[in-house]
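For reference, the structure discussed in these notes is given below.
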Amino acid sequence: MSDLIKERCKMLRLAYVSDLYQKIPFESPKQYLMELLQQEIDLRELAEGERLIKKAKFMNEKEFNEYQWGEHIHFPPNINRESLESLSFIKRKENVILTGAPGTGKSHLATALGRKACRSGYEVRFYRVADLIELLEKSWAEGRFQLFRNKFTKVDMIILDEMGYAPFSKDGAELLFQLISDWYEQKSLVITSNLEFSQWNKVFVDARLTAALVDRVIHHAHILSFTGDSYRVKHALSNR
């Protein structure tokens with residue numbers, strides 16, 4: 001009988017019912033069926049979230065439950081911690097910009113937002129900006145730039161980590177600008193940077209391109225500034 005149930009569940013594409021049906025207490029037909037179907041839905045959503053996390057290619061497994069909120073994070077008037085964690089900015093296709101000194105928690109927060117977004121059913125991609133530039137230049141050289149652009153058609157949020165840590169070539173900067181122009185008002189960007197916007201011309205070289213890029217990035221954006229000492233430095237000193 002159990003093999004027959006598994007076969008029927010497979011036909012109906014019910015991935016978990018055959019493992020669950022004996023574990024749910026029976027009080028009434030309605031209650032039993034509701035609990036069984038709800039657990040099938042919950043496990044499907046959990047599996048889908050993990051699939052999206054794997055597809056996003058995060059650099060680490062940083063989560064909100066490990067994050068140290070504090071007074072070193074300065075929120076703009078139009079957003080707070082709760083609204084940020086609600087991910088409502090993704091539905092509105094707004095950007096989140098995290099700026100401040102290295103080691104103050106920007107990348108951790110960006111990753112935590114991305115992983116939560118995946119578990120909420122959003123398509124996310126994570127890139128270190130230097131790595132993305134390398135991919136863009138390679139795709140251009142191989143005549144695959146349009147194919148690379150098309151990969152983001154169904155993506156809801158893109159995380160660009162470490163903007164400004166290394167200068168780009170002129171070609172790399174122009175290719176990144178084309179991507180960000182594609183995403184303007186179509187996707188949500190989460191960008192971490194150790195530079196103020198006035199210093200972005202140090203990495204983008206071309207002043208007009210930098211101004212146009214910053215204009216697109218900060219429009220519909222929530223800009224959080226991070227101050228204080230590096231967590232990594234403080235941790236190293238405490239160990240000593």
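Heads up, the sequence shown is in full-length UniProt numbering, so the first residue is 1 and it goes up one at a time.
Note that the Cβ used here is the ideal one computed from N, Cα and C, for glycine as well.
Buried/exposed call for residue i, threshold 16 Cβ in 10 Å
i: MET157; result: buried
i: LEU147; result: exposed
i: LEU13; result: Note that residue 13 is Arg in the sequence shown, not Leu. Its Cβ having fewer than 16 others within 10 Å, ARG13 is exposed.
i: VAL233; result: With a pLDDT of 40 at VAL233, under the threshold of 50, the modelled position of this residue cannot be trusted, and the question is left open.
i: ILE41; result: exposed
i: LEU213; result: buried
i: THR227; result: exposed
i: GLU7; result: exposed
i: PHE26; result: exposed
i: ARG144; result: exposed
i: ASP161; result: buried
i: HIS74; result: exposed
Heavy atom of the ligand ADP within 6 Å of residue i beta-carbon
i: LEU46; result: The model depicted lacks the ligand ADP and carries no ligand whatsoever.
Nearest-angstrom Cβ-Cβ length linking residue i and residue j, presumed shorter than 8 Å
i: GLU174; j: LEU209; result: 7 Å
i: ASN95; j: ILE191; result: 7 Å
i: HIS220; j: LYS93; result: 7 Å
i: SER123; j: LEU52; result: First, the amino acid is wrong: residue 123 is Glu here, not Ser. Between LEU52 and GLU123 the Cβ distance is about 6 Å, and since that is below 8 Å, they are a contact.
i: PHE64; j: GLU50; result: Not a contact, Cβ separation roughly 17 Å.
Nearest candidate by alpha-carbon position, reference residue i, set the options
i: LEU46; options: LYS138, ARG216, TYR16, GLY70; result: TYR16
i: MET163; options: LEU176, LYS170, LYS151, GLN68; result: LEU176
i: TYR127; options: TYR32, GLY121, SER107, SER139; result: SER107
i: GLN178; options: ARG216, MET34, LEU87; result: ARG216
i: TYR165; options: GLN199, SER181, GLU142; result: GLN199
i: TRP69; options: LYS55, LEU109, PHE89; result: LEU109
i: LYS55; options: PHE152, ASP182, PRO167; result: PHE152
i: LEU43; options: PRO25, SER18, SER28; result: SER18
i: TYR67; options: ALA112, SER28, LYS23; result: ALA112
i: residue 260; options: ILE97, SER88, GLY105; result: Residue 260 lies beyond the residue range present for the chain, which begins at 1 and ends at 240; the question has no answer from this structure.
i: ALA141; options: ALA211, HIS222, ASP171; result: ASP171
i: LEU195; options: ARG149, ILE97, GLN31; result: ILE97
i: PRO167; options: ASN150, TYR21, ARG149, SER193; result: SER193
i: HIS222; options: GLU48, SER181, LEU87; result: LEU87
Bridge partner(s) assigned by DSSP for residue i
i: GLY70; result: DSSP output for GLY70 lists no bridge partner at all.
i: GLY100; result: PHE226
i: ILE159; result: PHE126, VAL190
i: ALA221; result: ASN95
Q) Should the segment 131 to 145 be called in touch with the segment 97 to 108, which here means at least 3 C-beta pairs below 8 Å? A) Segments in contact, no.
Q. Should the segment 111 to 119 be regarded as contacting the segment 150 to 170, the criterion being three or more beta carbon pairs within less than 8 Å?
A. yes
Q: May I ask you to verify whether the segment 54 to 62 touches the segment 173 to 189, counting CB pairs closer than 8 Å and requiring at least 3?
A: no
Q) With a cut-off of 8 Å, do at least 3 Cβ pairs link the segment 72 to 89 to the segment 198 to 208? A) Because the criterion of three Cβ pairs below 8 Å is not met, the segment 72 to 89 and the segment 198 to 208 do not touch.
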